[in-house]
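Chemist:
There are 4 protein chains.
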Amino acid sequence: MKTKTDRTGLRRQILDATRSLLLSEGVKNLSMRKIAAEIGCKAPSIYYHFENKAALIQALVEEGHQLLFSLMEEAVGRYTDPLQRLEAYMRAYVRFGLDNPVYYEIMFMLRADESGYDPIESFRQAKKSQAPAIEAFQEAERQGLVSTDDFIRATGAIGIMLHGYLAIILNYPENSPFQPDEMLDYIIDRVFRSHGIGGEPYKRHRL
Amino acid sequence: MKTKTDRTGLRRQILDATRSLLLSEGVKNLSMRKIAAEIGCKAPSIYYHFENKAALIQALVEEGHQLLFSLMEEAVGRYTDPLQRLEAYMRAYVRFGLDNPVYYEIMFMLRADESGYDPIESFRQAKKSQAPAIEAFQEAERQGLVSTDDFIRATGAIGIMLHGYLAIILNYPENSPFQPDEMLDYIIDRVFRSHGIGGEPYKRHRL
Amino acid sequence: MKTKTDRTGLRRQILDATRSLLLSEGVKNLSMRKIAAEIGCKAPSIYYHFENKAALIQALVEEGHQLLFSLMEEAVGRYTDPLQRLEAYMRAYVRFGLDNPVYYEIMFMLRADESGYDPIESFRQAKKSQAPAIEAFQEAERQGLVSTDDFIRATGAIGIMLHGYLAIILNYPENSPFQPDEMLDYIIDRVFRSHGIGGEPYKRHRL
Amino acid sequence: MKTKTDRTGLRRQILDATRSLLLSEGVKNLSMRKIAAEIGCKAPSIYYHFENKAALIQALVEEGHQLLFSLMEEAVGRYTDPLQRLEAYMRAYVRFGLDNPVYYEIMFMLRADESGYDPIESFRQAKKSQAPAIEAFQEAERQGLVSTDDFIRATGAIGIMLHGYLAIILNYPENSPFQPDEMLDYIIDRVFRSHGIGGEPYKRHRL
DNA sequence: GATGAATGAGCGTTCATTCAT
DNA sequence: AATGAATGAACGCTCATTCAT
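Protein chains in written order, with my numbering: chain A, 1 to 207; chain B, 1001 to 1207; chain C, 2001 to 2207; chain D, 3001 to 3207.
1. So, using beta-carbon positions, are B:M1107 and B:G1064 closer together than 7 Å?
2. So within the region 1056 to 1118 of chain B, which uninterrupted alpha helix (DSSP H) runs reach at least 4 residues, ignoring any that extend past its ends?
3. Around the Cβ of D:Y3047, are there at least 16 other Cβ atoms within 10 angstroms (buried) or fewer (exposed)?
4. Comparing alpha-carbon positions, which option in C:F2178, C:L2162, C:M2183 and C:H2049 lies nearest C:L2086?
5. What residues from chain B crowd round A:P177, counting only those whose CB sits closer than 8 Å?
6. Based on Cα-Cα distance, which residue from A:A126, A:V27, A:E139 and A:D181 lies nearest to A:L54?
7. From what residue to what residue does the alpha helix (DSSP H) around C:S2031 run?
8. State whether the region 2135 to 2147 of chain C contacts the region 2075 to 2092 of chain C, with contact taken as three or more CB pairs (one from each stretch) at a distance under 8 Å.
9. Tell me, please, whether the region 2066 to 2078 of chain C touches the region 2124 to 2136 of chain C by the rule of three or more beta-carbon pairs shorter than 8 Å.
10. Less than 7 Å separating the beta-carbons of B:S1115 and B:I1168?
11. What residue from D:G3164, D:L3170 and D:T3155 has the CA that sits closest to D:L3098's CA?
12. State the CB to CB distance for the pair B:M1090 and B:I1188, rounded to an integer number of angstroms; the pair is presumed to be in contact (CB under 8 Å).
13. Flag this pair as yes or no: are the beta carbons of A:F248 and A:K127 separated by less than 7 Å?
14. If you draw a straight line from the alpha carbon of C:A2036 to that of C:A2043, how long is it in whole angstroms?
15. Figure out for me which residue from A:D16, A:F50 and A:E51 has the closest Cα to the Cα of A:E38.
16. Within 7 Å (strictly less), CB to CB, does B:H1065 reach chain A?
17. When you compare only the Cα positions, how much space is there between A:Y103 and D:S3045?
18. Does D:N3171 come out as helix, strand or coil in the three-state DSSP assignment?
19. Could you list which residues in chain A have their beta carbon closer than 9 Å to that of B:S1031, in chain order?
20. In whole angstroms, give me the CA-to-CA distance for A:Y172 and B:E1051.
21. Less than 7 Å between CB atoms is the rule here; does A:H49 satisfy it with respect to chain B?
22. Cutting at 6 Å between CB atoms, please list the residues of its own chain near B:A1112, excluding the five before and the five after it.
23. Verify the CB distance criterion: does A:T18 have a CB-CB separation below 7 Å to chain B?
24. For chain B, is any of its Cβ atoms less than 7 Å away from the one on A:Y103?
25. Note down, in chain order, every chain B residue with its Cβ under 9 Å from the Cβ of A:M109.
26. Beta-carbon of D:F3188 versus every beta-carbon of chain C: anything under 7 Å?
27. Give me the Cα-Cα distance between C:R2190 and C:Q2125, rounded to the nearest whole angstrom.
28. Going by DSSP in three states, A:F151 sits in which element: helix, strand or coil?
29. Can you have a look at A:S31 and say buried or exposed, based on whether 16 or more other CB atoms are within 10 angstroms of its CB?
30. Which bits of chain C does D:M3161 rub up against, with CB to CB less than 7 Å?
31. Which chain C residues sit within Cβ distance under 8 Å of D:P3266?
32. Beta carbon of D:F3123, beta carbon of C:P2180: below 7 Å?
33. Within the same chain, show all residues whose beta-carbon is closer than 8 Å to that of A:G198, passing over the 5 residues directly before and after it, in chain order.
34. By Cβ distance, which residues of its chain are closer than 8 Å to A:E105, with the 5 residues on each side in sequence left out?
35. Nearest to D:Y3165 by CA position, among D:K3034, D:L3207, D:T3148 and D:R3095, is which residue?
36. Along the chain, where does the alpha helix (DSSP H) that runs through A:F192 open and close?
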């Protein structure tokens, strides 16, 4: 029986409080003291669970990558048609960013020296999450649904586009210079068109 | 070391030193004292020329928007064929970002509360720079070179894509997860393909 | 309005307060905050006058070396007989240490990494202060009062002895394991004896 | 029984790790956590074996005094000629300091409030180690080899000199302002000369 | 015997900014 | 037009130590 029920998992509390503070105040204004204040513990306690501030953010980054990976796998797994899988991937990726702005920002929008997270490792993780899209592309090609032979680059280009979309929305959440939903539809549409074949660009079963 | 004879000299020096420091040390490590030290004056002197740090960065942002605008106009002006104008626009936009990473970052990658610059005003400026691309699209449509009727959104989507491209390269300059040049060619190619018509997707005279 | 009188020379106040705190609490317990509190200013103000803690201590070390130098010159200058000059040097050196324990400690008893002062520079300064003793030795030899040809080493050995004497007294000010005054007389006596010639070891006119 | 071995084991490990850390990082940078990390245990475990940091250092100081005592006895015991015994004492004392800088520093160069060790007790111990030198002096006098009647003070003066020598070398190990070996020979020589008798200062059989 | 968890106190330092001059 | 001097607020972090387990 635990007497300190409200103290259970300070490590978890720290991570959550950090996410919450990052969301409300941004990376620049995150401080160990504020995190501690948010939880009700003292700043040095954080150092028991994390070596330093960078390690704390790094832990969040890793959580983010794991979540992203599982979400991408799950999203793609809902469909069998490769183009649907691809669209599902794109939409789920965007959803991940919109639902988890803090994760997305520290994963992909923070300079390495600010997050303390090795960017190479970050991209290695990101590539793992891209795999479902690459495989979907491959399968689509095999089925003659798209004309592309450079699946990796094609997926990279999609990632770039979705990153641009998310980066703008997340950076200016209240002042997005475009209609997010309509723009996303438009973007996805253009992606498919760009891989279309002749007059019948793609045999796409819309989600 | 410049002399202090020039009246407007210090203001200019401050702006230049700020850009230089932002380039070498990043936004996070920029401080009024460092700027002053770089120039050889004292921190309070900066306050004579700029109300505060935010105003200083804002001045740089405005400079950046002016430069971007003139570069975009100039780039498009070199061609008459609308698709060439469009491609020139895209390439010049990317070039602007790569050549002026500091401008690009404070213009489009800094949160409003960090730059102190009104994001709405920022997008108003950005839209001005997008005008040449929009007009090129319109003309291309008029000439039957592309099948698009939503020129603004199409241009927005291009901006999103190029922003994603630049954001990644600028954020991880030494660890870009793709080959910048080849990816840029690929992206531009896909943009045109996505607006192609039937079996002959576009009549594009490559630059 | 704060008059110039009570604010004059915060830099000087900082140095004095630092010396005072070093005396009462030791190097280990010196902190920028305590210095500030002693004076009545705030810790950051110290940083206007000294780059950091090491620079502050270094400034004191330099002061100490200057004081030592002038005291040694002055002490030796009071006599013409070289052996008297030598004795005066030794007694004045000890007096400097006893009167200025803080100076002595930071000059000669602090590890380089604690004082932030280059030990080589420190010894260069110390050697300057040793010059009067070396010259006295030389003159004593010329006059046939002592039999020594290695004046530098002889002076070095004296310095070592006096340092041992001071280091013990200063480290255990209340518990010195010997009678300071008598021991000093004894030491000086032995120094002269060790340089004596035959049965009439030295022609010394006691001070 | 395994328990007993373990019990004394960690205590011993703590002492050794502390010595090692003191050697490599200095007193200032010694911390309970670092000691624990060095061993592979946690900081609170140290408190099972030592009441606090001061007690831990005190234990080392005591070890040092024991070692010094046995080394001095042993060194002097190798000779029968009292002057040789005296020289052996001096050389062994210096050797102890050079070979065991950490012991020497915490025994004789640390302020009482830093070591937590009663300085009076410290000097009581130190005097025990001086006994062989005092006795050698007495015997030398008895044999007419030196002219001294204050053996205790004479030995004290020697201790002061050797302490000065060691304090400088240990404090500036890389920047000693004199040649250690030659200076030691010189010092020992002067000690004997200072106790010499008339034209034939001492009948010393060099070691 | 040892540790997981936590904390109060404190550290050196940096910062944007102010204001009298 | 610029600066000398100062400050309130905060920062990341380390420390010796405690205490329940």
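Glycine included, every Cβ here is placed at the ideal spot set by N, Cα and C.
As the structure is a computational prediction, the values presented were derived from the model and not from experiment.
Modeler: Reading off the structure:
1. One thing to note: B:M1107 has its Cβ within 7 Å of the Cβ of B:G1064.
2. Here the runs fully enclosed are 1082 to 1099, 1101 to 1104 and 1112 to 1115.
3. Classified as exposed, D:Y3047 has fewer than 16 neighbouring CB atoms from the shown chains inside 10 Å of its CB.
4. The candidate whose alpha carbon is nearest that of C:L2086 is C:L2162.
5. For A:P177, the neighbours in chain B by C-beta distance under 8 Å run, in chain order, F1123, A1126, K1127 and G1156.
6. The sequence shown places Ala at residue 54 of chain A, not Leu. When only C-alpha atoms are compared, the closest one is A:V27.
7. Judged by DSSP secondary structure, C:S2031 falls outside any alpha helix (DSSP H); it is assigned neither H nor E.
8. A contact exists between the region 2135 to 2147 of chain C and the region 2075 to 2092 of chain C.
9. Under the three-pair Cβ rule at 8 Å, the region 2066 to 2078 of chain C counts as touching the region 2124 to 2136 of chain C.
10. The Cβ-Cβ distance between B:S1115 and B:I1168 does not fall below 7 Å.
11. If we check each option's Cα against that of D:L3098, D:L3170 comes out closest.
12. The beta-carbon separation of B:M1090 and B:I1188, rounded to 6 Å, stays under the 8 Å limit for a contact.
13. Residue 248 of chain A lies beyond the stretch modelled for chain A, which goes from 1 to 207, so this question has no answer here.
14. C-alpha separation (whole angstroms): 5 Å.
15. Here the closest residue by C-alpha is A:D16.
16. No, its Cβ sits nowhere closer than 7 Å to a Cβ of chain A.
17. The C-alpha of A:Y103 lies about 39 Å from the C-alpha of D:S3045.
18. Note: D:N3171 maps to helix in three-state DSSP.
19. Listed by position along chain A, the residues whose Cβ is nearer than 9 Å to that of B:S1031 form an empty set, because the closest Cβ is around 13 Å away.
20. As the crow flies, the alpha-carbon of A:Y172 is around 24 Å from that of B:E1051.
21. By this cut-off, A:H49 is not an interface position.
22. Only P1119 meet the Cβ criterion.
23. Put simply, the CB of A:T18 is far from chain B, with every gap to its CB atoms at 7 Å or more.
24. No, A:Y103 lies away from the interface with chain B (no Cβ there is under 7 Å from its Cβ).
25. Result: M1109, A1167 and N1171.
26. For the record, residue 3188 of chain D in the displayed sequence is Ile; it is not Phe. Closer than 7 Å: no.
27. If I take the Cα positions, the gap works out to 27 Å.
28. Of the three classes helix, strand and coil, the one that applies to A:F151 here is helix, per DSSP.
29. With fewer than 16 neighbouring CB atoms inside 10 Å of its own CB, A:S31 falls in the exposed class.
30. Within chain C, the residues near D:M3161 are I2160, M2161 and G2164.
31. Absent from the model: residue 3266 of chain D. The displayed extent of chain D is 3001 to 3207, so no value can be given.
32. Taking the C-beta atoms as reference points, C:P2180 is found no nearer than 7 Å to D:F3123.
33. Any reading at A:G198 must be qualified, since the residue scores a pLDDT of 44, below 50, and its modelled position is unreliable; no value is offered.
34. For A:E105, where only same-chain residues beyond five positions count, the Cβ hits under 8 Å are L22, V27 and L170.
35. Of the residues D:K3034, D:L3207, D:T3148 and D:R3095, the one whose Cα lies closest to the Cα of D:Y3165 is D:R3095.
36. It spans P180 to S194 - the alpha helix (DSSP H) in which A:F192 sits, taken as one unbroken run.
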